[in-house]
Structures are given as C-alpha cells and as structure tokens.
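Asker: Which chain is which? The protein sequence lines are A and B, in order.
So that you can map any letter, position 72 of the first sequence is 416 in the working numbering, and since no number is skipped, the others follow by simple counting.
So that you can map any letter, position 152 of the second sequence is 216 in the working numbering, and since no number is skipped, the others follow by simple counting.
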Amino acid sequence: MDNSYDNFKYLTGRLLIGADHLALEPLFKTKSDEAIAHIFRNHDADPDGIRDPIEIALRRNMDNWLNETSLIYLSWLSGYSSDPEGVDQGTRIFAILGHASLRPYYENYYKQALPCLFCLHLEESKIEQQNSPGAFEAFANLFERFRNDRELACILEFLDGYCYGKAPAIVSIDSVIRAFESPDRVVEAAFRPASQLTPLDSGIIGLLHFATFCTSLHEFLERCKDLPLLQSAFWFFYAYWFREYKKDVKNLSIQAIQNAAMNTKDTGSQALASESQARLNIIMSALTGNEYATALIAKFPSTGISIASFDLLERTSAKSGLAARFAAYNLPRQN
Amino acid sequence: MPIFDFDSAPNHRLVTQLADGRSKMISCRKPAKHCILFVHGFNGDAIDTWSGFDTIALNDPDLAETDLIFFGYDGVRSNALAACSFLFDLLDSAMTDGKALQPIRSSPPNYESCVLAAHSLGALVTRWALIRANQQKLPWLDRIRYILFAPAHSGGIIVDSVAELLGSNPISAFIGSAAKVKIPLLLELKPGSPILKSLEDHTISAAAAGCTTLKARRVLIAEHEEIVSNLPFPGDPFPTAIRGATHTSVSKLNDFPHLINYLKELL
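#1: Compare the C-beta of A:V520 against all C-beta atoms of chain B and say whether one is closer than 8 angstroms.
#2: To the nearest angstrom, how far is the alpha carbon of A:M406 from that of B:L327?
#3: Could you round the C-beta distance between A:R358 and B:T80 to whole angstroms and report it? I think they count as a contact, below 8 angstroms.
#4: Of the choices A:A479, A:N386, A:L666 and A:C463, whose alpha-carbon is the least far from that of B:T119?
#5: Taking the straight line between their C-alpha atoms, what separation do you get for B:L127 and B:G116?
#6: Between the segment 96-111 of chain B and the segment 180-194 of chain B, do at least 3 Cβ pairs fall closer than 8 angstroms?
#7: Measuring alpha carbon to alpha carbon, tell me which residue in B:Y137, B:I285 and B:N318 is nearest B:A216.
#8: Per DSSP, B:D131 forms a beta bridge with which residues?
#9: On the criterion of 16 or more Cβ atoms from any shown chain inside 10 Å, does A:D390 qualify as buried, or is it exposed?
#10: Need the endpoints of the beta strand (DSSP E) that B:G308 sits in, please.
#11: CA-CA distance, A:F462 and A:L573?
#12: What's the C-alpha gap between A:R567 and B:S262?
#13: Could you pull out every residue in the same chain whose Cβ sits closer than 8 angstroms to the Cβ of A:S597, ignoring the five residues on either side in sequence?
#14: Please confirm if A:F580 has its CB atom under 8 angstroms from at least one CB of chain B.
#15: Kindly list the residues whose CB is nearer than 6 angstroms to the CB of B:L132, restricted to its own chain and excluding five residues on each side of it in sequence; keep chain order.
#16: Would you say the beta carbon of A:H382 is closer than 7 angstroms to some non-hydrogen atom of the ligand HEM?
#17: Since I believe B:I291 is in contact with A:I600 (beta carbons under 8 angstroms), could you give me their beta-carbon distance rounded to a whole number of angstroms?
#18: Buried or exposed for A:P527, please, with buried defined as at least 16 other CB atoms from any protein chain shown within 10 angstroms of its CB.
#19: Listing by chain order, which chain A residues have their CB less than 9 angstroms from the CB of B:A237?
#20: Which chain A residues are close to B:V79, counting only those with a beta carbon under 7 angstroms from its beta carbon?
#21: Where do the ends of the beta strand (DSSP E) carrying B:F213 lie?
#22: Quick check: the Cα distance between B:A242 and A:T632, rounded to an integer number of angstroms?
#23: Does DSSP put B:E350 in a helix, in a strand, or in coil?
#24: Taking Cβ-Cβ distances below 8 angstroms as the criterion, which residues of the segment 303-322 of chain B are in contact with chain A?
#25: I want to know whether the segment 483-501 of chain A touches the segment 201-210 of chain B - three or more CB-CB distances under 8 angstroms.
#26: Could you check how far apart the C-beta atoms of A:E481 and B:A73 are, in whole angstroms? I think they sit under 8 angstroms.
#27: Check distances from the C-beta atoms of the segment 419-443 of chain A to those of chain B and list, in chain order, the residues that come in under 7 angstroms.
#28: Along the chain, where does the beta strand (DSSP E) containing B:A182 start, and where does it finish?
#29: Where does the unbroken alpha helix (DSSP H) through A:M628 begin, and where does it stop?
#30: Which residues share a DSSP beta bridge with A:R385?
#31: Is it right to say B:K254 is buried, meaning 16 or more other beta carbons lie within 10 angstroms of its own, or is it exposed?
#32: For the beta strand (DSSP E) holding A:M606, just list the boundary residues, first then last.
#33: Excluding sequence positions up to five away, which residues of its chain have a Cβ less than 6 angstroms from the Cβ of A:A604?
#34: Compare the C-beta of B:T119 with all C-beta atoms of chain A and state if any pair is closer than 8 angstroms.
#35: Give every residue of the same chain whose Cβ lies closer than 8 angstroms to the Cβ of A:P543, excluding the five residues on either side of it in the sequence, and list them in chain order.
#36: Tell me where the beta strand (DSSP E) around B:K254 begins and ends.
Here you go:
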C-alpha cells in the first residue's frame with residue numbers, strides 16, 4: 345500500500361498547525377522585507393547582538409520551523425512522503441522558505457543545506473530520490489529523542505562560544521572540559537537535584553548527552569552505508585553542529601576523556617581510557633570530517649541559489665551556487 | 065545491526081511529540097481501538113527504553129488499530145509521585161476527552177482497552193496513577209491492562225553501575241569506571257521505605273475492595289537482574305523471566321522479539 349500521500353499530509357499538517365508556523369506566518373504576511381531581514385539578521389554582525397525577547401522567540405520559532413521543513417524534505421528524498429512541489433502545502437511553505445529576506449539566514453549566516461535544497465526543489469530544481477522510507481522513520485525517531493533535551497541545548501550554546509557569568513567566575517566550554525579532570529565531579533553533576541543545578545553542571549551533563557547523541561547518530565549513519573545519498577542528507581541535518589560551531593567539537597570531546605584519565609594510575613583504567621578515546625575518535629572523526637558530506641554535495645543542482653537574497657546581502661559571492669557554498673564540507677574541518 | 069532494507073510502517077504514522085514536551089506518540093492510520101502506554105524507569109528515555117516498539121513492532125498487523133504512546137518524565141530529578149501526577153493527567157485524558165493527544169488525534173479516541181506497560185521505576189509511577197484512578201472511581205480503570213518489566217516496586221535501585229546510568233557513550237564508559245563517588249539516590253526505593261509501604265497498603269486495600277486492575281496481568285523479570293529486587297509485589301502473578309535479559313535490556317523488543325506477544329495477549 346502506498347502511504348506516501350497520507351504521510352505527506354500528516355507531516356505538513358503537523359508543521360502548518362504547529363506553534364512555530366502559526367507564529368511565523370503572520371510575520372511574513374504583514375511585515376516589510378526590511379523588518380523580516382532585521383529579525384533574521386546575523387547576530388555576529390550586530391554589535392548589540394540579539395537581546396529583544398520577541399526577536400529571540402521568533403528566531404527560535406524559525407530554527408524549529410527549519411528543522412521541521414528539513415524533515416519534510418528528507419521524507420520526500422527517502423520516498424516516505426509524496427512531492428510537496430505544486431500542492432497547496434508546498435506553496436505555503438515556500439511563502440516563508442523562499443522569502444528573500446529570510447534566505448540569507450539559512451544560506452549564509454547559519455548555513456544549512458537542507459532548507460536550501462528544499463527551496464530549490466520548490467522552485468522545480470530537484471535531485472534524485474533514494475528510496476528507503478524505513479530509514480527516514482528511524483531518523484525521525486532519533487530526531488524526536490533528542491529534540492527537547494535542555495542539557496544538550498546548553499552544551500551546544502557553549503560550543504558556539506556562549507559563556508555564563510562574569511570574570512573571574514565565568515563559565516565557558518573550557519570550564520566544562522576542565523571539570524572532567526574529576527570524574528567524581530561529573531557524576532555529582534549528573535545526579536544533582538534540579539534546584540541545585542549550576543550552568544557548569546548543565547554543561548557537564550550536556551557534554552555527556554552530546555556524546556550519547558553523537559554515538560547514536562554515528563551508529564545510525566553507519567547503518568545507512570548502503571544508502572549513500574540518504575546517509576549524507578541525514579548527516580547534513582546536523583552538519584551545523586559539527587562544522588559551523590566556533591569550537592572544535594571533536595578535539596573538545598576527546599580532551600574531556602584525556603582530562604578524566606589524567607589521574608588514573610592503574611593499567612586497567614589506562615587501558616579503558618585509551619579504548620574510550622579511540623572509540624570517540626572514530627565517532628567524532630566521522631561526524632566532523634567530510635566522509636558523509638560528499639554524496640549529497642555531488643548531487644547539488646547546478647542551479648545557483650536565488651540571486652535575490654544575495655542582492656539583499658550585496659555579497660560578492662552572489663553568483664556562486666549551492667555546491668560552492670558547501671564546498672568546504674568536502675574537506676576536513678578547518679579551525 | 066541490520067541495514068534499513070525494510071519499508072516504513074504500513075499502519076502507523078511518524079512519531080510525534082505530545083504537548084507535554086516529553087511524551088511521544090505513534091498513531092495508527094485507522095481509528096484506534098486500543099493503545100499501549102509505555103512508561104520508562106529511572107534515567108530512562110521515553111522511546112529508547114522500549115527500542116523496537118517504535119520500529120519493528122509497527123510491522124505487526126495485530127497492532128494495526130493500536131496507538132503507541134511513550135510517556136516521558138525526568139526519572140532522575142523528579143520523584144515517583146510527581147511523575148505519577150503527569151502520567152495520570154495523560155492517561156485520564158487519553159481515556160476520556162483525548163485533549164492530551166491533540167492535534168495527533170483530533171477527536172477522542174475512545175479506546176476499548178489500554179495496555180499500561182511500565183519498566184523499573186515506572187512500576188511505582190504507574191501503580192500510584194492507578195491507585196488514584198481507583199480512589200476517584202474513574203470508569204476507564206476497567207479498560208486498563210497492566211504489565212510490568214523488571215519492576216522496582218519491591219525495592220532497588222542499586223546504583224553500582226554508574227556507567228550505565230550516565231548514558232551509552234565512550235565518555236560515560238570511562239567516567240563511570242573512574243568515579244569513586246557514591247550516588248545518594250532513590251531513597252524512596254529503599255526496601256521498606258514509606259512510599260513503598262504506602263503503595264503496598266493502598267494496593268492491598270484496593271484489591272480487597274474488588275479492584276482487579278491494580279494486579280499486573282504479567283510481570284517480566286530479567287535473568288541477569290542486578291538493579292532491583294525481583295521479590296513479587298502482593299497480588300501480582302509469579303514473574304516470567306526473560307532468558308539472557310539484563311535490567312535495561314528486558315524492555316527492548318530489538319533484543320527480545322517475543323516480548324511483543326506479551327503485549328498482544330492483553331489487547
């Protein structure tokens with residue numbers, strides 16, 4: 345039985361009646377292009393940063409919305425759901441995704457390939473599908489498992505350069521990694537009552553959750569090795585975490601184990617530390633490297649990214665296409 | 065691990081988060097006649113505790129008209145009675161107005177039966193919820209079928225395996241072995257603790273008053289149990305042991321495919 349249209353209706357229905365879409369759709373219908381572009385600006389390029397609570401909430405809505413739309417694109421790519429192009433739901437998604445004032449947000453500032461591909465898809469520039477609806481279902485389960493993990497969100501902020509507090513009591517990713525010098529401190533943080541949790545505790549727990557997430561994602565991607573295009577597309581869903589953060593997630597994760605092993609003297613513990621480090625090195629090398637990136641990049645449409653968004657940006661790279669935008673992913677991460 | 069050479073679920077839709085932000089639901093395409101409500105244990109995850117029930121179980125035609133709901137709560141930093149309150153709200157709504165399942169189910173599902181499956185600490189959480197339903201004389205209680213996996217209602221949890229509790233990843237594997245600290249956890253689960261004693265008293269009273277739902281239809285225990293006491297709870301049937309299972313694997317369909325039969329026999 346072909347359930348692809350039913351699946352499409354369910355997934356797009358979930359998006360279009362969801363809180364994120366309901367918050368965003370009126371914005372795109374009523375606000376000026378300049379106002380939308382301002383909300384979805386590059387925080388690094390604004391000396392004042394993003395402080396307005398309404399803006400913060402809308403940007404969070406947008407990040408969730410882009411995740412959901414990326415899932416819809418993956419569901420089509422894997423043959424799980426029918427084609428969103430040319431139907432009403434696709435038109436409503438494109439009204440936001442294809443808006444010239446939004447596109448720099450995911451094309452340049454916080455680079456994400458799947459929204460770019462989805463946008464091109466809705467403009468009738470498509471790539472070939474690789475059918476494996478079961479793989480998509482398993483990916484959706486993985487996504488659901490980690491989507492609302494508060495501690496995971498906390499460590500991701502640390503990895504993107506956020507700090508808590510003021511000097512000399514500032515808590516940063518370096519403080520989190522240093523805390524692993526005491527394995528007892530890590531265990532205490534992991535089981536501390538909610539009312540006593542500090543930002544450092546949340547960062548420590550977050551790093552453990554991040555390691556669990558990376559282990560699960562790596563295991564999942566390895567199960568997809570006979571589906572190279574989908575394997576690559578699934579990796580691209582999370583590529584931002586591995587390739588775009590200010591901190592090197594691979595080196596920091598390995599440093600955490602090295603710190604924990606600093607004071608171990610007996611051979612058994614040292615052997616376990618080496619074994620754990622080797623295992624983590626395999627996982628993080630794969631996730632932060634280029635091996636999962638190449639299959640999808642090779643399929644990027646030759647059509648360039650819409651010129652409109654680059655006009656808005658006045659970028660010299662306006663003529664470069666999607667492949668050029670993600671060309672660095674074909675190489676090991678540069679720090 | 066097998067590669068993904070199978071098709072997607074023929075009778076169910078994609079896993080979707082419920083409004084409480086922690087629970088997940090896999091709804092069947094047809095109007096549902098039954099639901100299975102899964103409740104994880106200490107440090108468990110709503111879905112991962114039950115791995116396989118979210119994938120391979122969906123190919124079983126006997127579940128074609130069954131919704132799967134995975135209740136989520138903070139098993140580490142919450143307590144059994146707080147979690148019970150959240151579970152009760154979900155269960156009560158699922159069995160009556162269905163509001164907690166919206167927008168996945170836009171109208172009340174009117175389940176003919178609900179299998180309530182609980183693992184480890186989830187046994188306390190669920191039994192307290194059932195006691196509350198019994199005290200409030202809620203009519204849906206008669207439609208509940210209760211099954212337990214390695215229940216912690218007779219005492220536990222022994223936290224010697226810190227690594228297991230920290231999560232499955234290489235960092236936790238080492239930290240768990242290197243840490244010397246003892247975790248002052250789960251005082252409420254010490255054998256003879258007030259909460260366990262009270263639970264036992266309430267269950268015995270309810271049974272004496274004619275409530276049969278609080279009696280588990282089946283109790284599954286792990287052959288290699290090192291976390292909880294396997295002592296039967298008053299009124300429960302003699303347990304069925306799962307050969308080769310540990311405390312954490314006993315609830316995983318991926319590891320023990322025949323577990324599905326124990327749920328299906330209750331639908």
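Note that the Cβ used here is the ideal one computed from N, Cα and C, for glycine as well.
Everything numeric in this text was worked out from a predicted model, so none of it was measured.
Answerer: A quick look at the data gives this:
#1: For the purposes of this step, residue 520 of chain A is taken as residue 176 along the first sequence, with counting starting at 1. No - not a single Cβ of chain B is within 8 angstroms of the one on A:V520.
#2: Counting from 1 along the first sequence, the entry for residue 406 of chain A is found at position 62. Counting from 1 along the second sequence, the entry for residue 327 of chain B is found at position 263. Looking at the two C-alpha atoms, the distance is approximately 40 angstroms.
#3: The sequence position of residue 358 of chain A within the first sequence is 14, counting from 1. The sequence position of residue 80 of chain B within the second sequence is 16, counting from 1. Rounded, the Cβ-Cβ distance is 6 angstroms, consistent with contact.
#4: As a working note, residue 119 of chain B is residue 55 in the second sequence. Minimum Cα distance to B:T119 is reached at A:A479.
#5: Against the second sequence, residue 127 of chain B aligns to sequence position 63. Against the second sequence, residue 116 of chain B aligns to sequence position 52. So the alpha carbons of these two residues sit roughly 14 angstroms apart.
#6: Under the 8 angstroms Cβ criterion, the segment 96-111 of chain B counts as touching the segment 180-194 of chain B, having at least three qualifying pairs.
#7: By one-based count along the second sequence, residue 216 of chain B stands at place 152. Of B:Y137, B:I285 and B:N318, the smallest CA-CA separation from B:A216 is found for B:I285.
#8: As a position in the second sequence, residue 131 of chain B is number 67, starting the count at 1. Beta-bridge pairing links B:D131 to B:C99.
#9: Here residue 390 of chain A refers to the residue found at position 46 when the first sequence is read from its first residue. Residue burial annotation: A:D390 is exposed, with fewer than 16 other C-beta atoms found within 10 angstroms of its C-beta.
#10: By one-based count along the second sequence, residue 308 of chain B stands at place 244. Annotation: the continuous beta strand (DSSP E) that includes B:G308 extends over T304 to T310.
#11: Residue numbering aside, residue 462 of chain A sits at position 118 when the first sequence is read from its first letter. Residue numbering aside, residue 573 of chain A sits at position 229 when the first sequence is read from its first letter. Going from the Cα of A:F462 to the Cα of A:L573 covers about 15 angstroms.
#12: Mapped onto the first sequence, residue 567 of chain A falls at position 223. Mapped onto the second sequence, residue 262 of chain B falls at position 198. Roughly 47 angstroms between the two C-alpha positions.
#13: Within the first sequence, residue 597 of chain A is the residue found at index 253, counting from 1. In chain order, L551, F554, A555, C558, L624 and M628 place their CB closer than 8 angstroms to the CB of A:S597, counting only its own chain and leaving out the 5 sequence neighbours on each side.
#14: To locate residue 580 of chain A, count along the first sequence from 1; it is residue 236. No, no contact with chain B.
#15: Taking the first residue of the second sequence as 1, we reach residue 132 of chain B at position 68. Taken in chain order, the residues that qualify are I90 and I100.
#16: The ligand HEM is absent from the structure shown, which contains no ligand whatsoever.
#17: Translated into positions along the first sequence, residue 600 of chain A becomes position 256. Translated into positions along the second sequence, residue 291 of chain B becomes position 227. The sequence shown places Ala at residue 600 of chain A, rather than the Ile named in the question. Going by Cβ atoms, the distance from A:A600 to B:I291 rounds to 27 angstroms, so no, they are not a contact pair.
#18: Within the first sequence, the letter at position 183 stands for residue 527 of chain A. Result: buried.
#19: Position 173 of the second sequence, counted from the start, is the residue given in the question as residue 237 of chain B. Proximity of chain A to B:A237 at the Cβ level (cut-off 9 angstroms) is accounted for by L616, E619, S620 and R623, in chain order.
#20: One-based indexing of the second sequence puts residue 79 of chain B at position 15. By Cβ distance, chain A contributes A484, N485 and E488.
#21: Numbered from 1 along the second sequence, position 149 holds the residue referred to as residue 213 of chain B. Taken as a continuous stretch (DSSP letters only), the beta strand (DSSP E) holding B:F213 covers I208 to F213.
#22: As a first step, residue 242 of chain B must be located in the second sequence, where it is residue number 178. As a first step, residue 632 of chain A must be located in the first sequence, where it is residue number 288. The alpha-carbon separation between B:A242 and A:T632 amounts to approximately 27 angstroms.
#23: Outside the modelled stretch of chain B, which goes from 65 to 331, sits residue 350 of chain B, for which no answer is possible.
#24: Listed in sequence order: no entries.
#25: When Cβ pairs closer than 8 angstroms are counted between the two stretches, the segment 483-501 of chain A is seen not to touch the segment 201-210 of chain B, the count staying below three.
#26: Residue 481 of chain A sits at position 137 when you count from the first residue of the first sequence. Residue 73 of chain B sits at position 9 when you count from the first residue of the second sequence. 6 angstroms between Cβ atoms; contact.
#27: Listed by position along the chain: Y424.
#28: Here residue 182 of chain B is taken as the residue at index 118 of the second sequence, counted from 1. S177 to H183 is the extent of the beta strand (DSSP E) around B:A182.
#29: The residue given as residue 628 of chain A occupies position 284 in the first sequence. Its alpha helix (DSSP H) spans residues T611 to T632.
#30: Residue numbering aside, residue 385 of chain A sits at position 41 when the first sequence is read from its first letter. Per the DSSP secondary-structure output, A:R385 pairs with nothing in a beta bridge.
#31: Reading the second sequence from its first residue, position 190 is the one you call residue 254 of chain B. Classification of B:K254: exposed, given that the 10 Å Cβ count is below 16.
#32: Residue mapping note: residue 606 of chain A aligns to position 262 of the first sequence, counting from 1. Careful: A:M606 lies outside any beta strand (DSSP E) and carries neither H nor E.
#33: As a first step, residue 604 of chain A is located in the first sequence; it is residue number 260 there, counting from the start. Cβ within range, chain order: F524 and P527.
#34: Along the second sequence, one-based indexing puts residue 119 of chain B at 55. At least one chain A Cβ lies under 8 angstroms of B:T119.
#35: Position 199 of the first sequence, counted from the start, is the residue given in the question as residue 543 of chain A. Excluding positions up to five away in sequence, the list reads C498, Y508, G509 and V515.
#36: Indexing the second sequence from 1 puts residue 254 of chain B at position 190. First-last for B:K254: undefined, no H or E at that position.
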